[in-house]
Every structure is written in C-alpha cells, then in structure tokens.
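Chemist: Protein chains in written order, with this note's numbering: chain A, 28 to 371; chain B, 28 to 371; chain C, 28 to 371. Dumping the structure here so I can ask a few things about it.
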Amino acid sequence: MPEGRSLGALATALGASLEGDPTMLVRGVAPLGEAGPDQISFVTSSKAVAEAQSTRAGALVVSKEFSGAPCALLRCDDPQLAVIMLLRVFHPALPVPPGVHPTAIVSDSATIDQSARIGPCAVVEAGARIGAEARLFPYVYIGEGSVVGDGSVLYPGVVVREGVRLGRRVIVHSGAVLGADGFGYAFDGRAHQKIPQVGGVVIEDDVEIGANTTIDRASVGNTTVRKGAKIDNLVQIAHHVTVGEHTVIAAQTGIAGSTQIGNRVILAGQVGIHDHVRVGDGAMVAGQSGITKDVPAGAQVMGFPARPAAEARKTYGAMPRLPELIKTVRALEHRLAALEQRLG
Amino acid sequence: MPEGRSLGALATALGASLEGDPTMLVRGVAPLGEAGPDQISFVTSSKAVAEAQSTRAGALVVSKEFSGAPCALLRCDDPQLAVIMLLRVFHPALPVPPGVHPTAIVSDSATIDQSARIGPCAVVEAGARIGAEARLFPYVYIGEGSVVGDGSVLYPGVVVREGVRLGRRVIVHSGAVLGADGFGYAFDGRAHQKIPQVGGVVIEDDVEIGANTTIDRASVGNTTVRKGAKIDNLVQIAHHVTVGEHTVIAAQTGIAGSTQIGNRVILAGQVGIHDHVRVGDGAMVAGQSGITKDVPAGAQVMGFPARPAAEARKTYGAMPRLPELIKTVRALEHRLAALEQRLG
Amino acid sequence: MPEGRSLGALATALGASLEGDPTMLVRGVAPLGEAGPDQISFVTSSKAVAEAQSTRAGALVVSKEFSGAPCALLRCDDPQLAVIMLLRVFHPALPVPPGVHPTAIVSDSATIDQSARIGPCAVVEAGARIGAEARLFPYVYIGEGSVVGDGSVLYPGVVVREGVRLGRRVIVHSGAVLGADGFGYAFDGRAHQKIPQVGGVVIEDDVEIGANTTIDRASVGNTTVRKGAKIDNLVQIAHHVTVGEHTVIAAQTGIAGSTQIGNRVILAGQVGIHDHVRVGDGAMVAGQSGITKDVPAGAQVMGFPARPAAEARKTYGAMPRLPELIKTVRALEHRLAALEQRLG
C-alpha cells in the first residue's frame, strides 16, 4: 500500500485549493465507485459528476465549478493534469538499475549505453545502438543497425526489425512489431511476386505504441511516426504511412499504405483508412469510420464511407425510418394514382 | 493415430443409444466431409444435416431426432456435449511433468508450486506466484507480484505484466498481453501527458483468452474478466473494463475504457463498444456492430450505430431500395405538381 | 549505401529500353518524392504520374506509355515487376550462415537440416522437422511434431503450436500465432465447456503471413491456407477455414469458423466473414465489408451486409439524401391530402 500523504501536502503538490481538513491522511488513489475514506478519487468528466455525489472517497480532485460531493475537495484548474501529478506522487517511478542480463545476446558490434538495462533473453543484433537509460525487457529483439533512443522503454516481446530508428522516451508495449515487411506484391500472371521491402521505420521522440500493434517498414523510404503521437493496441500502420505529431490513434484502427495522417489528428477505434489518402491536421474521425478519400484539416467525419459528422449523424438517425418511408411512398403512389384516375 | 475404440464402448462413455454394430472399431474423429469408414463424425447443427446424408464416416454422433445417414448412429441428448466427451476419449490430456527448465529465469522471491511446469526462457519476476499444476510455456513473462492460479496454462509468448492476478484453470493463448498500460493522456496545450496506469488486471477462474488479445491494466482500480468468460483472438479490452461471467467475445472485438459488459453476453466478431457504456446481462450483439450507448439486458442489437436487431435487419433490408425510392419520390412530385397545376 | 550501378547495366538487367545516359551511376532506389539525382524511382500507378513530373530522381522506371518526366527513363512492359528486379539488384539477399545458436533449445527427437539456421532462444519441440535453408529467428517456437519446409523464414517471436505443417518458402512475420486453439464451446446450462481443438493447420508453399496474425487449429480436420496466398498483419483465421491459392487478405480482416475462401480472392482490410460461408474464386471484397452469406465466384461486393459493389455504391451514395427525402415525402403527403380534401 502506498505511504500516506496529508491532504494539505497534496493540495500544495497539485497547486489546488483545499476544502477540507489539511491533516487528513490519504493512502491512495482509487476510482470513484471504489474509493474508501482513506483514498482520494477524482471528477475529470461531466459523466462522473453524478457518481461523485455518492462516493465514499475521503477526498476528490475536482474542477473550480464542481459542487456537491460529501467529502473534502481539491479544486484545480485542470483536474486531469492534477490527477497525473497525484498518481506520480503515490506511484513514483523507481530507478532502474543498469546492466545487461547474462542471458541477453548482444552482438559485439552493437553499442549499449552503460546506463541502459537489457533484460533476460533480449537480443541486440550487429550495429544496433541502445541509448542512455533505455530499457529492454525480456525477449525484446533489436535488429541489425536499429537504434533505440535515450530513455525509451520496450516491454517484453517487442520486435524491432533491422534498420528501424526509435527516438527518445519512446514507449513500446509488449508484442508490438516495428519494421515487419510491408504488404506488397505484383501478380505476374501465375503468382504474386513479393516486392522487396527494404525501407525503414522512423519513430520520433515521445511516441507511445500499444501492445500487439504493427508498424510495417516501407518498400523504399520510411514509414514515419512523428513526435508525441500516441498509438493504442492492435493498430495496423502499413508501409510508407506518415503519422503526424501529437496524433492519437485508438485501438484496432488500420491505415493502408502511403497514407498521410496530419498533426493532432484523432482517430477513434476500428477506423479504416484507404491507401494514398491524406487526413488533414486536427481532423477527428469517429469510431469504425471508413475513409476512402482525403479529409480536410479540422474536419470531423464519421461513418462508412466517412462524411462530415453532422451530416452523417442525421443520415444514421434517419435510417431507421426508411422501411416506414417506403410504405408511405407506396401509399402516396396509390392515393395519387386514384386522384389521377378520378380526374381522367 | 489414436487407438481404436469399439462403438459399444463409445456409446457407454457418451451415454448414447447405439444404432449399429457395437463391435465396430473406431480409430478417430473427423469432420463430416473428411471422415472415413473407421472414423466417427457428428451432426451438431442443422447446417450439417444435409452433408451427413453423404458422409463416408463409419458412425455419427447425432441428436434423438436425426434421421437418414448411411452409417451407425450414436444418439445423444446433447450431441455437442457428447462430441466433447468423444474428443476427450480419443485425445486424453497427457500428464505434464513438473519442473523448472534450466533456461527459465525465476526470481528468488517468486513462488513456484512444485507441481508447476516452467518452460524454457520463461521469466518469473520478484514476488510472483505460480500455482499448482500451472504451466508456463517458453517465453512466458510473469511480471512483479503477479499471480497465476492452479491449473492455468500460458502458451508461448504470453506477457503478464506486473500486478496481474489470474485465477484457476485460466488458459491464455500465445501472444496475449495482460496488463499493458491503458491508453490515457491529458493534453496540456503542447503535448499529451501520459496518465499513469497503476491499476491492475483481474482474470477470474476458468477464463480463456485468445491469441494476441490485449487486456490493458486500469489507471486506478482494476480491469476485470469474470469467471467462465471466453475471449477469442485479437480482442482489445481497454482499461477499467469489466467483462461479466460466462460472457463470450469473438475475434477482433474492441471494448473501450470503463465499459461494463454483463454476464452471459455474446459479442460477435469485430464489434466496437464505446467507453463508459453498459451492456446488460444476456445481451447479444451481432458482428461489426458499433455500440455507442447502453444496451438493455437481454437485448439483441446490430448495426452501426447498433439498434434492436429486428429493426436493424428491416433497415438494412430496405437500404438497397433507397436509390429507386428517390426516383419514385421525384416522379411523384412531378405528377402531383401537374395535378396541382391542372386544378389551379 | 548500396553500391552504384550504371543506368545501362540496370536497363539490361530489367530488360528495359533506356532513354538517357547509360554511363550515369545510380546509387539506390527511393520513393518519387524523396529520390535525389543519384537515385532511381518508379511510376507504377496512375496516381504517381503527376508527382513524377516534379521528381528530383536521376532516373525513373516507367511504362511504355509514360511521358513527361525531367530525367532518364527506363521503359518496361511491367514497371511493377521491373521494380522488384531493381530492388533485388540493389538489395541482394545475403547468404545466411547455417547453424543452431547455442541458446536454442532443440529436442533430441527434432530433425534440423544442416543448412538451416536456428536463432537464439528458439525452441524446437520433440519430433519437429526444420527443412533445408529454413531460418528461425530468436524466440521462434516450433511445437511437437510440427514441420517447417525448405527455405521458410520465421521472424522473431513466431509461435507454431504442435501438429502444424508449413510448406516451402513460407514467410511468417513476427508475432504470428499458428495453431492456437479454435474458439469453440458448448454451454451445458451452467458454463461453457471447451470443445477440444485437436485438429491441425496446414500452410502450403509460398504463403506469406503477416505480423501478429492468428491462424487457429481446427477442432478436427485442418485449417488450410493454400499455396501462394498472401495474408497481411493482424488477420484472424478461425478453425477449419480454408483460404484458396493466391488469395490476398489485407490487414485486420477476420474469417469465422469453417468458411471457405476460394482461389485468387481479394479481401481488403477489416473485412468480416461469417462462419460456414463460401466465397467463390476470384471474388473481390471491399474494405470493412461484412459477409453474411455465400459470395459467387468473380463477384465484387461491399458494405454491411455485403452486396454487389455497383449496387452498394449507389445505395451508399444515396444515403446522405435520406433526411431530405423524408421531408420531401412529408410535404408531398400534405399537398396530396390538401388536394384530396379539395376534391372531397
């Protein structure tokens, strides 16, 4: 169990204004519905306001406007950022002792920074470089000539094929595969001939890549994920795709070859995007959308095929009325025919 | 090849009534279309009845009502459960010799039951516990403090991060990742700040988890899969989700954060479910549906966005008539305008 | 950097007619938008023609009909196949030294061809066979009795469970799982009883399987992928499915149990196909389609539920007009009612 902290000290750490007893001890952070009297919880969305009224938490991190909960309050300008600070207080990152595990297999021509930690059975091939304070968990594979930047963390089972460059502070979750061959063939009349995939993958600083996500290498040139982009689990990023800065891609989305996703784009879950398409900066794509052509910067789109979200919502809202509409039109036809007949 | 069994002995083992020669030897189980005269096959769905008429199988497991096949019959109250017994007869589970492979890397502070089997290159971190007759195949990673219950089987390459609890008789297929960080960030105006994911994952007894499926840890609290739930391959279960007892989730379905799936729910393949939604007990969701709001208990829903299945089927059935309907309405407009003009 | 080649030598190697200086040295292949004066690029689709006009590449591989680029040209009958030759010239496959890495764990009863290469920490179980010039990268698991054919390559972290047969020249990318249990249960009134999955998986010659793709073993009989089929990343192929020869399956597509996909079929990304369905030879299925019933040979289908593509495109094109159509029909009703009233 995390060590206790006084509410007063927490208020100071978070830059929050406190309504409650500053000497009260808090022993941990918990969800609204599960927190007890010695725990702190939080209200970071309007969905949570109702549940907060009946929380058993000892204290809550809330916005300046929040009212009504039966416990101490820490009011913050940005409750979500405050919760991040709160979690860091109770769950500080522990120092990672450096070193190469004796079962790791490291090529003589690889370069491992002295402050890096290489776990059991990790493999680092010839010419690869592992930066300062980087961490490879067990069964991480780093292919020939690939680079892992300073402070990056690769969880168990990550595969980085040859010629892939990861920037600094990149986090890659278990099972992600960076640099598998792109999916390209030419049919010669009898069989599919494989187009050699000899390009690379570039992952810039501060990118996070989810578990079992796949980012293929380009045939020529690079597949690129720009700085600060966040990619969830089971996402497919095909060869020669570019993902822009600070773009967010939710789980199970797939992006086909050579498509360019702009900066600060948000792709919700299970979106599918055709090849050779451009999605402009700041666009927002709703879950399960199918994108078949360019999306302008700032656009919000949804549906299959994706269209402006406001219109698409009207269309999907109207669809259930279609069966009845068909009957109505048939009745109108009969009534109109009757009138026409009457009038000769 | 499995050892031969007499039809009479099989009838006894299955509690079936036999129509045929009890001394006939059966040497294996095979699909209807592939079984030969010394094999037994089965009819467990109405789809298979027609194919059964021309099977070359020596015998069939069928229902009480089945009629017409050209071979011996074993009639059973529940043919599907009988097939399970049949397969267990021909493919008995072999005893697994216990022991820790010399290449496994087990922390001094981990606890491994003497009857457990730990395969080559498996890693068990500090404070982890592996129960009786549990089996870890090669490259299975068990993080700090995680627990694997009695009789559980983790196939090659499963990753269980720190602080994850697996119950008894849990089966986890290769490449599944339990406890990777949930996908949560707060944008601070310049970049996405990672919300620490310090919660856990709880997998209860008798759960089965498919290959390359990902079940993320919660930010706070737990992601929970309740007893008897069955999860197929490539499924995404986000942070703080609850999956109810005996719920079945088919391949490539994704469930977003904090959503609660009830008991005995059936989610078909490629379903997408929004965050913070509740799907009631016994609900059935058709393949590729997109669920954006709560689903009542017992409801059957389909489509995007998901609606009651009976209505949705009508809507999807009517959609192909829409282009013609538009023409019909335009013609009606013209005819009506003509009438109106005539009448002044 | 690859060694330089003269344009003249490249033209000869590709069987191309050269328009330009045969002594010009080319040092590599790059995408149109990135190639410099000492690199060669290519125009293999009509989408690329416009971009080619402003390329900085020193030379281009183009079709016989292409015109207009500001550089040397290598004209070819089939530019895409020529690019494959070109990439092989600049990136020749290197010979792979045979041998079993000392950290690999190979059963005494396994058979490894002397020309095969077995990487660090690979596991080959009892009775398995690895063919000539096959290559297993680190952490590849080959289960009991499984077979890897001559010249096949299994990238890091591939799992091949027991009783799986891979043909010759099969390529399996990292994280793919072949032979995990199919997803089958029978509910006995209280819990889901697992149907034993004791069948196999057969992968024929020249198949390529993408990263983190899952191909389940059959309950009885086999799951089969026929020769020359190409399967992208994160694809789910359920138990007892058959994928035909030279069929192409794009990323994140899922095929449910016992479905049969014909030869030379093309399934685009994120397609979902029901169980027990047949997709005929040469069919083409658009991205995100949902297939619920048989698809005839040669058909082109799209949408949910999938219908003939030409019709479906009309329907999807008409859908945005539905909200307006409802208003139009309501207005028609009023006008018609007014007429009817006037006429008594």
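Glycine is no exception: its CB is placed at the ideal position from the N, C-alpha and C atoms. Fair warning: this is a prediction, and the values are worked out from it, not measured in the lab.
Which residues in chain B have a C-beta closer than 7 Å to the C-beta of Met-329 of chain C? List them in chain order.
Modeler: What you label residue 329 of chain C is simply residue 302 of the third sequence in a count that begins at 1. Ordered by position in chain B, no residue passes the 7 Å Cβ test against Met-329 of chain C, which lies about 12 Å from the chain.
Chemist: Is Leu-359 of chain C near Leu-359 of chain B, with beta carbons less than 8 Å apart?
Modeler: Numbered from 1 along the third sequence, position 332 holds the residue referred to as residue 359 of chain C. Numbered from 1 along the second sequence, position 332 holds the residue referred to as residue 359 of chain B. Contact flag set, yes.
Chemist: For Met-329 of chain A and Ala-149 of chain B, I'd like the C-alpha separation in whole angstroms.
Modeler: By one-based count along the first sequence, residue 329 of chain A stands at place 302. By one-based count along the second sequence, residue 149 of chain B stands at place 122. The alpha-carbon atoms of Met-329 of chain A and Ala-149 of chain B are separated by roughly 44 Å.
Chemist: Since Thr-286 of chain C sits in a beta bridge, which residues does DSSP pair it with?
Modeler: Locating residue 286 of chain C in the third sequence gives position 259, counting from the first residue. DSSP output for Thr-286 of chain C lists no bridge partner at all.
Chemist: Consult DSSP for Phe-117 of chain C and reduce its assignment to one of helix, strand or coil.
Modeler: In the third sequence, the residue the question calls residue 117 of chain C occupies position 90. Residue state, collapsed to three classes: helix.
Chemist: Looking at the C-beta of Ala-265 of chain A, does it have a partner C-beta in chain C at a distance below 8 Å?
Modeler: Taking the first sequence and counting its residues from 1, one reaches residue 265 of chain A at position 238. Yes, Ala-265 of chain A counts as interfacial toward chain C.
Chemist: Throw me the rounded Cβ distance for the Ser-94 of chain B and Ala-84 of chain B pair, which I believe falls under 8 Å.
Modeler: To locate residue 94 of chain B, count along the second sequence from 1; it is residue 67. To locate residue 84 of chain B, count along the second sequence from 1; it is residue 57. Their Cβ separation, rounded to whole angstroms, is 16 Å, which puts Ser-94 of chain B and Ala-84 of chain B out of contact at 8 Å.
Chemist: Relative to the C-alpha of Ile-264 of chain B, which candidate in B:Asn-290, B:Arg-291, B:Val-298, B:Asp-232 has its C-alpha closest?
Modeler: Translated into the one-based positions of the second sequence, residue 264 of chain B becomes position 237. Answer by Cα proximity: B:Val-298.
Chemist: For Met-311 of chain B, does the three-state DSSP call read helix, strand or coil?
Modeler: Along the second sequence, one-based indexing puts residue 311 of chain B at 284. Strand, per DSSP.
Chemist: Let me make sure I understand the geometry here. Which of A:Gly-170, A:Glu-92, A:Gly-146 has the alpha-carbon closest to that of Leu-163 of chain A?
Modeler: Here residue 163 of chain A is taken as the residue at index 136 of the first sequence, counted from 1. If we check each option's Cα against that of Leu-163 of chain A, A:Gly-146 comes out closest.
Chemist: State buried or exposed for Asp-243 of chain C, treating a residue as buried only when at least 16 other CB atoms are found within 10 Å of its CB.
Modeler: Your numbering for residue 243 of chain C matches position 216 in the third sequence. Under this definition Asp-243 of chain C is a buried residue.
Chemist: Straight-line CA distance for Glu-160 of chain B to Gly-176 of chain B?
Modeler: Counting from one through the second sequence, the residue named residue 160 of chain B turns up at place 133. Counting from one through the second sequence, the residue named residue 176 of chain B turns up at place 149. Looking at the two C-alpha atoms, the distance is approximately 9 Å.
Chemist: Does Gly-248 of chain C come within less than 8 Å of chain B when only Cβ atoms are used?
Modeler: As a working mapping, residue 248 of chain C is identified with position 221 in the third sequence. With 8 Å as the cut-off, Gly-248 of chain C counts as an interface residue toward chain B.
Chemist: State the Cα-Cα distance for the pair Arg-253 of chain A and Gln-220 of chain B, rounded to the nearest angstrom.
Modeler: Position 226 of the first sequence holds residue 253 of chain A. Position 193 of the second sequence holds residue 220 of chain B. Answer to the nearest angstrom: the Cα atoms are 16 Å apart.
Chemist: Sorted by chain position, which residues of the same chain lie with C-beta nearer than 7 Å to Gln-141 of chain C's C-beta, five sequence neighbours on each side aside?
Modeler: Here residue 141 of chain C refers to the residue found at position 114 when the third sequence is read from its first residue. Closer than 7 Å at the Cβ level, and outside the excluded window around Gln-141 of chain C, lie Pro-125.
Chemist: Closest by CA to Val-186 of chain C, which one among C:Lys-74, C:Val-174, C:Asn-290, C:Arg-144?
Modeler: Translated into the one-based positions of the third sequence, residue 186 of chain C becomes position 159. For Val-186 of chain C, the nearest C-alpha among the options comes from C:Val-174.
Chemist: In terms of alpha-carbon separation, which member of C:Ala-143, C:Ser-246, C:Ala-79, C:Asn-260 lies closest to Glu-61 of chain C?
Modeler: Numbered from 1 along the third sequence, position 34 holds the residue referred to as residue 61 of chain C. Checked all of C:Ala-143, C:Ser-246, C:Ala-79, C:Asn-260; the closest Cα to Glu-61 of chain C is C:Ala-79.
Chemist: Listed in chain order, which residues of the segment 206 to 227 of chain C have Cβ atoms closer than 9 Å to some Cβ of chain A?
Modeler: Here the close residues number zero.
Chemist: If you count every other CB in all the chains shown that lies within 10 Å of the CB of His-361 of chain B, and 16 or more means buried, which is it?
Modeler: In the second sequence, counting from the first residue as 1, residue 361 of chain B sits at position 334. That one is exposed.
Chemist: Which value, in whole angstroms, describes the spacing of the CA atoms of Ser-44 of chain C and Val-197 of chain C?
Modeler: If you number the third sequence from 1, residue 44 of chain C lands on position 17. If you number the third sequence from 1, residue 197 of chain C lands on position 170. For Ser-44 of chain C and Val-197 of chain C, the distance between alpha carbons rounds to 34 Å.
Chemist: When the Cα atoms are used, what is the spatial distance from Ala-326 of chain B to Ala-77 of chain A?
Modeler: Working through the second sequence from its first residue, we reach residue 326 of chain B at position 299. Working through the first sequence from its first residue, we reach residue 77 of chain A at position 50. If I take the Cα positions, the gap works out to 26 Å.
Chemist: List, from N- to C-terminal side, the beta strand (DSSP E) runs of 3 residues or more that fit wholly inside the segment 159 to 228 of chain C.
Modeler: Those beta strand (DSSP E) runs which fall completely within the segment 159 to 228 of chain C and span 3+ residues are 191 to 193, 204 to 208, 212 to 214, 219 to 221.
Chemist: Can you find a C-beta in chain B that's less than 8 Å from the C-beta of Val-304 of chain C?
Modeler: Taking the third sequence and counting its residues from 1, one reaches residue 304 of chain C at position 277. Taking Cβ atoms only, chain B never reaches closer than 8 Å to Val-304 of chain C, which makes this a no.
Chemist: Can you tell me which of the three DSSP states Ala-86 of chain A falls into?
Modeler: The residue given as residue 86 of chain A occupies position 59 in the first sequence. Strand.
Chemist: With a threshold of 16 other CB atoms inside 10 Å of the CB of Asp-259 of chain C, please say whether the residue is buried or exposed.
Modeler: Residue mapping note: residue 259 of chain C aligns to position 232 of the third sequence, counting from 1. Asp-259 of chain C is buried by the Cβ-count criterion.
Chemist: With a CB to CB cut of under 6 Å and the five nearest residues on each side skipped, what residues in its chain are close to His-303 of chain C?
Modeler: As a working mapping, residue 303 of chain C is identified with position 276 in the third sequence. Excluding sequence neighbours, His-303 of chain C sits near Ser-285.
Chemist: In terms of residue numbering, what span does the alpha helix (DSSP H) encompassing Gln-368 of chain A cover?
Modeler: Taking the first residue of the first sequence as position 1, residue 368 of chain A is located at position 341. Element bounds for Gln-368 of chain A: 349 to 370.
Chemist: With a threshold of 8 Å, are at least 3 pairs of Cβ atoms found where one atom belongs to the segment 196 to 215 of chain A and the other to the segment 211 to 226 of chain C?
Modeler: Taking 8 Å as the limit for Cβ pairs, the verdict is that the segment 211 to 226 of chain C does not touch the segment 196 to 215 of chain A.
Chemist: Determine, using beta carbons only, whether Arg-362 of chain C comes closer than 8 Å to chain E.
Modeler: In the displayed structure, chain E is absent; the protein chains listed are A, B and C.
Chemist: With a CB to CB cut of under 7 Å and the five nearest residues on each side skipped, what residues in its chain are close to Met-112 of chain C?
Modeler: Counted from its first residue, the third sequence places residue 112 of chain C at position 85. If we look at Met-112 of chain C and ignore the five residues flanking it on each side, its Cβ neighbours are Ala-40, Leu-41.
Chemist: With 8 Å as the threshold, decide whether the Cβ of Cys-148 of chain B is near any Cβ in chain A.
Modeler: Taking the second sequence and counting its residues from 1, the one referred to as residue 148 of chain B is at position 121. Interface residue, yes.
Chemist: Quick one, which residues of the segment 272 to 288 of chain B are near chain A if we go by CB-CB under 8 Å, in chain order?
Modeler: Answer set for the segment 272 to 288 of chain B: Gln-279, Gly-281, Ala-283.
Chemist: I'd like the span of the beta strand (DSSP E) that includes Arg-102 of chain C, first residue to last.
Modeler: Numbered from its first residue, the third sequence carries residue 102 of chain C at position 75. 99 to 103 is the extent of the beta strand (DSSP E) around Arg-102 of chain C.
Chemist: So, helix, strand or coil for Thr-39 of chain C, using DSSP?
Modeler: Locating residue 39 of chain C in the third sequence gives position 12, where the first residue counts as 1. Thr-39 of chain C falls in the helix class under three-state DSSP.
Chemist: Under 9 Å between beta-carbons, which chain C residues line up against Arg-369 of chain A? List them in chain order, please.
Modeler: Working through the first sequence from its first residue, we reach residue 369 of chain A at position 342. Per Cβ cutoff of 9 Å: Leu-370.
Chemist: Would you kindly check if the distance between the Cβ of Arg-192 of chain B and the Cβ of Gly-248 of chain B is under 8 Å?
Modeler: The residue given as residue 248 of chain B occupies position 221 in the second sequence. The residue given as residue 192 of chain B occupies position 165 in the second sequence. No, the Cβ-Cβ distance between Gly-248 of chain B and Arg-192 of chain B is not below 8 Å.
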